[in-house]
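Read top to bottom, the protein sequences are chains A and B.
By numbering that gives the first Met the number 0, the letter at position 10 of the first sequence is numbered 9, and the numbering carries on one by one without gaps.
By numbering that gives the first Met the number 0, the letter at position 36 of the second sequence is numbered 35, and the numbering carries on one by one without gaps.
For reference, the structure is listed below as structure tokens.
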Amino acid sequence: MTAINVDVIWQIAGIGMLIVVAHSVIKAAGREEIAWMVTLAGVVVVLFRVVGVVEQLFAAVRSVFNL
Amino acid sequence: MSAVELTGFAILAVVLLAVLRPIRPELAVLLTLGAGAVILLSLLPLIQRIIELLTTLAQRGNVQSLYLETILRIVGIAYIVEFGSQVARDAGEGALAAKVELGGKILILSLALPILLSVVQLVVRLLG
């Protein structure tokens with residue numbers, strides 16, 4: 000039985016925290032646009048990670064139910 | 000994948016979401032998507048075993064494989080469409096969720112048509 004790999008949500012939450020901290024630090028340093036770019040980059044990283052898991056799910060469902 | 004593991008994982012995801020939603024709502028949606036996918040992924044081996052049991056029973060009762068094949072596909076479609084529409088509804092997009100569900104219903108209906116036709120033919124042959 001495949002155990003639940005918990006690290007996916009740990010990574011997402013970790014990157015989320017990182018983004019928020021980085022955003023406020025950079026904004027405090029006065030570089031507003033850099034802060035937004037860091038936030039965007041973080042969201043894109045999380046997006047790829049989640050898309051990987053969802054794609055794995057769809058492939059598994061397609062094989063189980065032979066859709 | 001026991002009930003304890005499943006519930007523990009869900010509670011952990013809920014706590015992380017509670018932290019993340021006020022500060023970064025879009026990441027909360029991604030976290031829901033990821034957690035939901037992981038849970039469904041860990042359920043699949045159990046479902047596969049159930050399906051294998053059903054297919055052996057069906058073959059023993061020489062049920063036509065067309066029916067079983069269609070039913071399996073319908074369950075698969077429902078599985079995926081439900082996942083997608085709930086994530087959309089959770090993110091606050093009720094309209095999108097309804098569209099996904101509508102699409103799922105139409106797909107299932109289009110799969111069920113051959114069975115409906117064969118039932119009708121059977122009835123006509125019996126009555127005719």
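Glycine is no exception: its CB is placed at the ideal position from the N, C-alpha and C atoms.
Please read all numbers here as calculations on a predicted model, not as lab measurements.
### Query
If you follow the alpha helix (DSSP H) that B/G60 is part of, which residue opens it and which one closes it?
Where B/G60 is concerned, there is no enclosing alpha helix (DSSP H), given that its DSSP letter is neither H nor E.
### Query
Any residues in the stretch 4 to 16 of chain A with a beta carbon nearer than 7 Å to a beta carbon of chain B? Which ones, in chain order?
N4, V5, V7, I8, I11, A12 and G15
### Query
Going along the chain, which residues of the stretch 17 to 40 of chain A sit with their C-beta nearer than 7 Å to a C-beta in chain B?
I18 and V19
### Message
If contacts are defined as beta-carbon pairs under 8 Å, then B/L29 and A/V45 qualify, I think. What distance do you get, rounded to the angstrom?
### Response
5 Å
#### Entry: B/R124 - DSSP class collapsed to helix/strand/coil
helix
### Query
Where A/M36 and A/A28 are concerned, what is the direct C-alpha to C-alpha distance, given to the nearest angstrom?
14 Å
### Query
Taking buried to mean at least 16 other C-beta atoms within 10 Å of its own C-beta, is B/S84 buried or exposed?
buried
### Other residues of its chain near A/G41: CB distance less than 6 Å, five sequence neighbours each side excluded
I14 and I18
### Message
Please tell me whether B/I79 has its Cβ less than 8 Å away from any Cβ of chain A.
### Response
yes
### Task
Could you tell me if B/G7 is buried or exposed, where buried requires 16 or more neighbouring beta carbons within 10 angstroms of its beta carbon?
exposed
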